[in-house]
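Student: The working numbering numbers the first residue of the sequence shown as 21 and each following residue consecutively.
Using N, Cα and C, we set each Cβ at its ideal position, and we do this for glycine too.
It should be emphasised that the depicted structure is a prediction, and the values quoted were computed from it without experimental measurement.
Take this structure first; my questions come after.
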Amino acid sequence: MHHRDKVLIVDDEQAIVELMGLYLKSDYDVIPAYSGQEALDKVKTEKPDIILLDVMMPDMNGYEVCRVLKTSVETQFLPVVMVTALSGKDDRIKGIEVGADEFLGKPVNRLELVTRVKSLLRIKHLQDKVLAERNEAMNYLDIAGFVVFVLDSDMKINLVNRKGNDVLGYDEFELIGHDFVKFLVPEDKGSELQGEFTKIMSGESEPQEFAEHIVLAKDGKEIPMRWYDVVLKDNDGKITGILRSGEDLSKFE
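Right, dumping it as structure tokens:
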């Protein structure tokens, strides 16, 4: 069965909700809401794929609803189209500031409405696919028996898997953005390793098959590791970083 996207239409005027629903119901499942709070409730229960949101509503206006949605981890990528009779520059700026993805003027033009909804849903499906692939990759890295780091061209930590955080005693995002060598490697070994990384990043040398060196846990404990390094490249073949897989040797002692 073909999946139909859900469109949440929010306006305190029932006639406007019904009109926009009429324009869209042949291609989408339409969910009506007549206030800001009802809109937020239906986002939780109905899980819409896109929201058409009136700005001028009593109690909670469209700007407030949009701000709530865009500051929540669960709904930050949910497309929001602000539908408004307001045409002033300040009103648009206010909408942009709260995270609105698009704007539609009232009265709503049928062709413009259908085109905007279709375009934003296409972008959302691409985002959903990228996020799903990223989550799948992260799950794979998290169940791997190795410590895994991704370092950028400046040796900053872009990614570390759960095993890496557990072995070194850090919280999930605590290591992100730190210089791997300066932050995790003892000072007496750091300059040598930095020199090796510099040569690898410039393409002057290849990573060794494996290398053994100590890293420092958060509590200061020295952990001996065996590292396997792989160079990361972009589509043009330019070196962009290093993938480091590490095996904790202290468990064999």
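(1) On the DSSP bridge assignment, give the partners of H233 in chain order.
(2) Which word fits P127, buried or exposed, when buried means at least 16 other C-beta atoms lie within 10 angstroms of its C-beta?
(3) Rounded to the nearest angstrom, what separates D69 and I29 at their Cα positions?
(4) Between the region 235-243 and the region 141-154, can you find at least three pairs of beta-carbon atoms closer than 8 Å?
(5) Assign A181 to one of two classes, buried (16 or more other C-beta atoms within 10 Å of its C-beta) or exposed (fewer than that).
(6) Jot down the residue ranges of each uninterrupted beta strand (DSSP E) in the region 49-76, minimum 3 residues, whole runs only, in chain order.
(7) Starting from R112 and walking both ways along the beta strand (DSSP E), at which residues does that stretch end?
(8) Do I177 and F200 have their C-beta atoms closer together than 7 Å?
(9) Answer with buried or exposed for I262, where buried requires no fewer than 16 other C-beta atoms within 10 angstroms of its C-beta.
(10) Please state the DSSP three-state secondary structure of I259.
(11) From what residue to what residue does the alpha helix (DSSP H) around N185 run?
(12) Quick one: using the 10 Å Cβ neighbour count with 16 as the cut-off for buried, is F230 buried or exposed?
(13) Identify whether G165 lies in helix, strand or coil by the three-state DSSP scheme.
(14) Between P227, G119 and E94, which lies nearest to L297 when the distance is taken from Cα to Cα?
(15) Which residues in the same chain have their Cβ closer than 6 Å to the Cβ of L195, if we skip the five residues on either side of it in sequence?
(16) Measuring alpha carbon to alpha carbon, tell me which of K45, R136, W247 and D256 ends up nearest D268.
(17) How would you write the range of the alpha helix (DSSP H) that I220 sits in, first residue to last?
(18) Per DSSP, D25 is paired with what?
(19) What would DSSP say about G197, mapped onto helix, strand or coil?
(20) Could you check if G184 is buried or exposed, using at least 16 other CB atoms within 10 Å of its CB as the buried criterion?
(21) So is V250 buried or exposed if we call it buried at 16+ other beta carbons inside 10 Å?
(22) Does the pairing of the region 55-63 with the region 34-43 give three or more beta-carbon distances under 8 Å?
(23) My understanding is that L171 touches R24, with C-beta atoms under 8 Å, so please give their C-beta distance in whole angstroms.
(24) So, do the region 83-99 and the region 111-122 have three or more beta carbon pairs nearer to each other than 8 Å?
Tutor: To lay it out plainly:
(1) Here residue 233 is taken as the residue at index 213 of the sequence shown, counted from 1. In the DSSP output, where bridge partners are listed per residue, H233 has M245.
(2) Working through the sequence shown from its first residue, we reach residue 127 at position 107. P127 comes out exposed.
(3) Taking the sequence shown and counting its residues from 1, the one referred to as residue 69 is at position 49. Taking the sequence shown and counting its residues from 1, the one referred to as residue 29 is at position 9. About 11 Å.
(4) no
(5) Taking the first residue of the sequence shown as 1, we reach residue 181 at position 161. The question names Ala, yet the displayed sequence has Asn at residue 181. So N181 counts as buried.
(6) If we require 3 residues or more, the beta strand (DSSP E) runs fully inside the region 49-76 come out as 49-53 and 70-74.
(7) As a working note, residue 112 is residue 92 in the sequence shown. Not the beta strand (DSSP E): R112 falls in the alpha helix (DSSP H), residues K109 to E117.
(8) Your numbering for residue 177 matches position 157 in the sequence shown. Your numbering for residue 200 matches position 180 in the sequence shown. Taking 7 Å as the Cβ cut-off, I177 and F200 qualify as a contacting pair.
(9) Position 242 of the sequence shown, counted from the start, is the residue given in the question as residue 262. Under this definition I262 is a buried residue.
(10) The count along the sequence shown starts at 1 and reaches residue 259 at position 239. I259 falls in the strand class under three-state DSSP.
(11) Here residue 185 refers to the residue found at position 165 of the sequence shown. Element bounds for N185: R182 to L188.
(12) By one-based count along the sequence shown, residue 230 stands at place 210. Looking at its Cβ environment, which holds fewer than 16 other Cβ atoms inside 10 Å, F230 is exposed.
(13) Working through the sequence shown from its first residue, we reach residue 165 at position 145. Of the three classes helix, strand and coil, the one that applies to G165 here is coil, per DSSP.
(14) In this structure the chain extends from 21 to 273, so residue 297 is not present and cannot be described.
(15) For the purposes of this step, residue 195 is taken as residue 175 along the sequence shown, with counting starting at 1. I177 and V180.
(16) Here residue 268 is taken as the residue at index 248 of the sequence shown, counted from 1. When each option's Cα is compared against that of D268, the closest is W247.
(17) Here the question's residue 220 lines up with position 200 in the sequence shown. Run containing I220: E207 to M221, per the alpha helix (DSSP H) assignment.
(18) The count along the sequence shown starts at 1 and reaches residue 25 at position 5. DSSP output for D25 lists no bridge partner at all.
(19) In the sequence shown, the residue the question calls residue 197 occupies position 177. In this structure, G197 counts as coil in the three-state DSSP scheme.
(20) Looking up residue 184 in the sequence shown gives position 164. Classification for G184: buried.
(21) Here residue 250 refers to the residue found at position 230 when the sequence shown is read from its first residue. Exposed: under 16 other Cβ atoms inside 10 Å.
(22) no
(23) If you number the sequence shown from 1, residue 171 lands on position 151. If you number the sequence shown from 1, residue 24 lands on position 4. In fact, because the Cβ distance is near 44 Å, the residues do not count as touching under 8 Å.
(24) yes
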